[in-house]
Every structure is written in structure tokens, then in C-alpha cells.
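Have a look at the structure below, then the notes.
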């Protein structure tokens, strides 16, 4: 089976070509789902001349059945519960709180490592492009969209290089727009569509964020230079 992308960098560059309508707009913010979404989002943000940050999402798994999500927590202090699961399994509040507290510690650890003390950028009233390296079931991205919606962005655009056709279609109903570079059928798994799908490290995430921030800062300084 042929692969579609050499690596996440190439995937991000190709994905950016489908997002040119957002280029140069001051209201646009690119948020990556770490870790694999960060190299993709870096290329998107660079092409669109937009700031880049991460949106960390942690699934709240049902104890003993962790693959089943009873909710999720995300950057910005947002908690979203899957009421159907909670009610069907009669999960008590104390159990939800215990799982959320554990996942919050990991979320905060990741944000400290990735942002190095920088606060999360404001999203209210902005157009936010949520980027990952691909969507299989899309559960994490759906949680991210639901959590981000509570922070008041004007528009949420989900953008990924590859996705299962049904997942891409479902997210079009949950986000304001969903852009998928390719939707192979049968899909099987995200990693099949990359020649290099090696794990992205915390150091790589931090490096991409720092480079993007430096680029934005340099562009802002240039724009503010007085005309001679």
C-alpha cells in the first residue's frame, strides 16, 4: 500500500495549501494537538503567517475500561463530560473527580514542558484552526472541539492531513469546518499514510513552539518599525 506523506513536515505543507483563505488574517490562531499534531501545525502556521500554540486534551477513561471515555479535560481549564456514558454506568461524581485530578496533573505537566511558563493565548472571538496528524475514530479531536467551543472562539476549523472518510464527515457537523487533505478508504490507521511516523518527542514540540514564537515576534517587530 503506497504512503501519501513522507513525514509530518511534508503533510503540514500540503495541508497548508488547502487553508490559504486563512493566510495573513490577524484573527487566526493555529492550535496543535500534541504531540504528533505539532510538526504538522508548525508548517500550517508558518504558511499562513499565524501564531502557533498547543491545545492539550486528556481523555477521562472509565476506570477498568480506560478506552471508554466518560469525558475529557483540556487547556484553559475546560472539562467536558459524556453524559450518556456517565448516566448509563452510574459513575459517581467522586470517581469522575479522582480521574480528572489525575489527568489534570499530566495536562499541567505537559503545558509546563511545552509552554515554558507562557500562558495559553486567548481564543475568544478568534478563528482557531485545530490541527492533528490524522483522525481515525476522531474521539480526541471531538473532545478538543467541544472543550474549545466553551472558550468562545468565533470559528473552529479542524484540519488534518489524513482521516477516515466517516470521521471527517462527522467532524464537519461538530466543527464549523473540517479540512482533510486525503480520506483513504479503507483507512485502517493514521500511521499507514506516512512513510515516517516516528513518535514526536516533548523536545520537538517545545522546539517547534519556540521557533514559531520567534518568527511571530520578529514579524511583529518589523511591522512596528517606524517608517523613515
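Residue numbers (UniProt numbering): 1 to 228. For glycine and all other residues, C-beta sits at the position ideal for the given N, C-alpha and C.
Neighbourhood of residue i by C-beta, 8 Å cutoff - its chain only, sequence neighbours within 5 removed
{"i": "residue 114", "result": "34, 54, 56, 202, 205, 206 and 209"}
{"i": "residue 193", "result": "3, 4, 5, 134, 161, 162, 182 and 184"}
Spatial neighbours of residue i in its chain, beta-carbon cut-off 6 Å, leaving aside the 5 residues before and after
{"i": "residue 14", "result": "181"}
{"i": "residue 125", "result": "154"}
{"i": "residue 152", "result": "124"}
{"i": "residue 110", "result": "56"}
{"i": "residue 7", "result": "196"}
Beta strand (DSSP E) segment containing residue i, residue limits
{"i": "residue 40", "result": "Here residue 40 belongs to no beta strand (DSSP E); instead the alpha helix (DSSP H) covers 37 to 48."}
{"i": "residue 155", "result": "155 to 162"}
{"i": "residue 128", "result": "127 to 131"}
{"i": "residue 84", "result": "Premise fails: residue 84 lies in the alpha helix (DSSP H), 83 to 88, not in any beta strand (DSSP E)."}
{"i": "residue 58", "result": "57 to 62"}
Cβ-Cβ distance between residue i and residue j below 8 Å
{"i": "residue 48", "j": "residue 23", "result": "yes"}
{"i": "residue 59", "j": "residue 143", "result": "yes"}
{"i": "residue 276", "j": "residue 131", "result": "This structure gives no information on residue 276, because the portion of the chain shown stretches from 1 to 228."}
{"i": "residue 175", "j": "residue 78", "result": "no"}
{"i": "residue 42", "j": "residue 212", "result": "yes"}
{"i": "residue 145", "j": "residue 156", "result": "yes"}
{"i": "residue 179", "j": "residue 19", "result": "yes"}
{"i": "residue 70", "j": "residue 80", "result": "no"}
{"i": "residue 63", "j": "residue 107", "result": "no"}
Proximity winner among the options, relative to residue i (alpha-carbon distances)
{"i": "residue 16", "options": "26, 219, 40 and 32", "result": "40"}
{"i": "residue 104", "options": "130, 61 and 135", "result": "61"}
{"i": "residue 28", "options": "87, 66 and 121", "result": "121"}
{"i": "residue 138", "options": "7, 21, 51 and 187", "result": "187"}
Delimiting residues of the alpha helix (DSSP H) encompassing residue i
{"i": "residue 93", "result": "93 to 115"}
{"i": "residue 170", "result": "165 to 174"}
{"i": "residue 145", "result": "139 to 149"}
{"i": "residue 11", "result": "8 to 16"}
Residue i Cβ short of 7 Å to the ligand ZN heavy atom set
{"i": "residue 112", "result": "Among the components of this structure there are no ligands whatsoever, and the ligand ZN is therefore not found."}
Quick one: any contact between the stretch 157 to 177 and the stretch 8 to 27, if contact means 3 or more CB pairs under 8 Å?
Taking 8 Å as the limit for Cβ pairs, the verdict is that the stretch 8 to 27 does touch the stretch 157 to 177.
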